[in-house]
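Below is one structure; the comments refer to it alone.
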Amino acid sequence: MAELSEQVREWIAAAKFWHLATVNRDGSPHVSPMWIDVEGDHIVFNTAVGRVKEENLRHDPRVSLSCMDTDNPYDRVVIHGRVVEFVEGDEAELCMDRLAKKYVGTDRFEWRIPGERRVKILVEPTRARHVVGVEPFRRGIGPDA
């Protein structure tokens, strides 16, 4: 598990929108804007059972999350990880309400669809980095390789 730096935790604590990338069954990417938070050392987000992202993650637990500063798109955070737990029931509903409080200021998530079942998803980060400007080439790749 990668440790989340204080700077990355500050980005997660803010009500910033993140892009979640998952892998479709055919190997193509699927990207969704998400509300996220942190619980201990895990990233947490919420969705409904049956959504594409939920089905993708049950098949392939790898995720990538990215977020950019809206005032400076060259300032960004990227987190890679894997899903380690799916939680349904009351805990998932409470998680969704906590995210709604953080992001829109309401005590409850007001956009529930009748009959939907929420699922809280916990991600173990395997790599997290804050990048400002252009990323350097990886070792062995680039003009001086």
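Going by my numbering, the first residue of the sequence shown is number 1171, and it counts up by one from there.
For each residue, glycine too, the CB sits at the ideal point set by N, CA and C.
Just so it is clear, the structure is predicted and the values come from calculations on it, not from any experiment.
Between the segment 1276 to 1288 and the segment 1244 to 1256, do at least 3 Cβ pairs fall closer than 8 Å? Touching, no, given that fewer than three Cβ pairs across the two stretches are closer than 8 Å.
Do the CB positions of Val1253 and Leu1227 come within less than 9 Å of each other? Yes; because the gap between Cβ atoms is below 9 Å, this pair is in contact.
Rounding to the nearest angstrom, what Cα-Cα distance links Asn1216 and Arg1195 in this structure? Approximately 21 Å, taken between the alpha carbons.
Alpha carbon to alpha carbon, how far is Ala1233 from Met1204? Before going further, note that residue 1233 is Val rather than Ala in the sequence given. If I take the Cα positions, the gap works out to 12 Å.
Alpha carbons only, please: which of Leu1174, Gly1285, Ile1182 and Ala1191 is nearest the one belonging to Val1222? The option with the nearest alpha carbon to Val1222 is Ala1191.
Whose C-alpha, out of Gly1220, Ser1236, Cys1237 and Leu1235, is nearest the C-alpha of His1229? Measuring from the Cα of His1229, the nearest candidate turns out to be Gly1220.
Could you tell me the alpha carbon to alpha carbon distance between Met1266 and Val1302, rounded to whole angstroms? C-alpha separation (whole angstroms): 31 Å.
I need the straight-line Cα distance from Pro1238 to Val1289, nearest angstrom please. Note that residue 1238 is Met in the sequence shown here, rather than Pro. If you take the alpha carbons of Met1238 and Val1289, they lie about 26 Å apart.
Opposite His1250 in the DSSP bridges: which residues? According to DSSP, residue pairing for His1250 in a beta bridge involves Ser1234 and Arg1297.
Taking Ile1182 and Asp1207 to be in contact with their CB atoms under 8 Å, please state how far apart those CB atoms are, rounded to whole angstroms. Beta-carbon to beta-carbon, Ile1182 and Asp1207 are separated by about 6 Å, close enough to satisfy the 8 Å threshold.
Between the C-alpha atoms of Lys1271 and Pro1231, what's the straight-line distance to the nearest angstrom? Pairing Lys1271 with Pro1231, the inter-Cα distance amounts to about 27 Å.
Buried or exposed (CB count within 10 angstroms, at least 16 for buried), Val1274: Exposed, because fewer than 16 other Cβ atoms sit within 10 Å of the Cβ of Val1274.
Selected residue, minimal CA-CA separation from Glu1209, among Phe1187, Glu1261 and Pro1199: Nearest C-alpha to Glu1209 among Phe1187, Glu1261 and Pro1199: Glu1261.
Thinking Ala1218 and Arg1287 are a contact (beta carbons under 8 Å), I'd like their distance in whole angstroms, please. With a Cβ gap of about 6 Å, Ala1218 and Arg1287 count as contacting.
C-alpha distance - Ser1202 paired with His1189, whole-angstrom precision: Cα-Cα distance, rounded: 6 Å.
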